[in-house]
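Everything below concerns the one structure shown next.
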Amino acid sequence: RKEVEQDPGPFNVPEGATVAFNCTYSNSASQSFFWYRQDCRKEPKLLMSVYSSGNEDGRFTAQLNRASQYISLLIRDSKLSDSATYLCVVNGERSQGNLIFGKGTKLSVKP
Amino acid sequence: GAGVSQSPSNKVTEKGKDVELRCDPISGHTALYWYRQRLGQGLEFLIYFQGNSAPDKSGLPSDRFSAERTGESVSTLTIQRTQQEDSAVYLCASSYSGNYNEQFFGPGTRLTVL
Chain A
11 RKEVEQDPGP FNVPEGATVA FNCTYSNSAS QSFFWYRQDC RKEPKLLMSV
61 YSSGNEDGRF TAQLNRASQY ISLLIRDSKL SDSATYLCVV NGERSQGNLI
111 FGKGTKLSVK P
Chain B
93 GAGVSQSPSN KVTEKGKDVE LRCDPISGHT ALYWYRQRLG QGLEFLIYFQ
143 GNSAPDKSGL PSDRFSAERT GESVSTLTIQ RTQQEDSAVY LCASSYSGNY
193 NEQFFGPGTR LTVL
C-alpha cells in the first residue's frame, strides 16, 4: 500500500457543484493531516489542517476516519478559482518533519 | 513579511555538470525542507533540517545529492554530475518548527539537464 494514495482525477465539474476527494494513508500511527493546494506550475500552499473531529473552513470541509485511515475533502459551491490540484498530506515515520505528500487530485471547475 | 525565496528560478545545465540551488527560508523558521517534483508527479522528500540537529537525509536519491544549511538560515542543495533524470522542479519549504507545522514553500527552481 502506498504511503498516501489519492485518485488522480481529473474531476471536471460545473460551477456551483459539490465535489469530494478521498485519500488513504498507510501509517496507522500518523497524527497530522493536511490538505494542500497546488496551482499549475506553482508551489503548494496549505489549504487546511484536518482535525480528528472534522473541520470546516467556509466552503471546504475536511474529515478524518482513523479506523479506515481515510481523509476526505468536500468543496461546496465550486468556483472557477478552485481549479487546482489538491494534495493530501500525512506525517511520515522517519522524523518529526517528515510529511508525505500524495500525488494530488486535479480539479477543473468549468463555467 | 518575505516568504521563502529560491534561486535560480530556472537552471539549464549539461549532463555531467554540477549545480547548486539556493533557498532562503522565512526568518525565524527553524525547519527547512527540500523536495523534488518531476513533471506531473507528486512531491518527493529529499532532506530536512531542524535547528542544530543532524539533518534527515533519508530522501536523498543518491550520493550525488547533498545539502547544507548555515545555522537557521540559507540552505544549498548540490547535485554533482547531473543526469537527465535529475530534471525536475526543486522546492524548498520552511516551517516555524519541525513539529508538523504548516510548511511554506518557495517558488522552486526548475532544473533542466540536457
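These protein sequence lines are chains A and B, in that order.
The opening position of the first sequence corresponds to residue 11 in the numbering used here, with each subsequent residue numbered one higher.
The opening position of the second sequence corresponds to residue 93 in the numbering used here, with each subsequent residue numbered one higher.
Glycine residues also receive a C-beta, built at the ideal position from the N, C-alpha and C atoms.
These figures come from a predicted structure and were not determined experimentally.
| Asked | Found |
| --- | --- |
| C-beta neighbour in chain A for glycine 120/B, strict 8 angstroms | no |
| Those residues which DSSP pairs with glutamate 66/A across a bridge | Thr71/A |
| Within the segment 99-130 of chain B, ranges of the beta strand (DSSP E) (whole runs, at least 3 residues) | 102-105, 111-116 and 123-129 |
| Beta carbon proximity, proline 54/A to chain B, threshold 8 angstroms | yes |
| Nearest residue (CA-CA) to serine 63/A, options Ser42/A, Pro24/A, Leu57/A and Ile85/A | Ser42/A |
| Terminal residues of the beta strand (DSSP E) in which arginine 202/B lies | 201-205 |
| Rounded C-alpha distance that separates aspartate 155/B from aspartate 178/B | 13 angstroms |
| Beta carbon proximity, glycine 134/B to chain A, threshold 8 angstroms | yes |
| Buried/exposed call for cysteine 33/A, threshold 16 Cβ in 10 Å | buried |
| Local Cβ density within 10 Å of arginine 130/B, reported as buried at 16 or more and exposed below that | exposed |
| Exposure label - glycine 26/A; buried when at least 16 CB within 10 Å | exposed |
| Whether leucine 84/A touches threonine 95/A by CB criterion (8 angstroms) | no |
| Sufficient close CB pairs (3 or more, under 8 angstroms) joining the segment 126-142 of chain B to the segment 158-171 of chain B | yes |
| Serine 186/B versus Gln133/B, Lys107/B and Ile118/B, residue with shortest Cα-Cα distance | Ile118/B |
| Whole-angstrom distance between lysine 116/A and serine 82/A, CA atom to CA atom | 14 angstroms |
| Cutoff 8 angstroms: asparagine 108/A Cβ touching any chain B Cβ | yes |
| Arginine 202/B versus glycine 143/B: straight-line alpha-carbon distance, rounded | 27 angstroms |
| Under the three-state DSSP convention, the category glutamine 142/B falls into | strand |
| Straight-line gap, arginine 161/B to glutamine 175/B (C-alpha atoms, nearest Å) | 24 angstroms |
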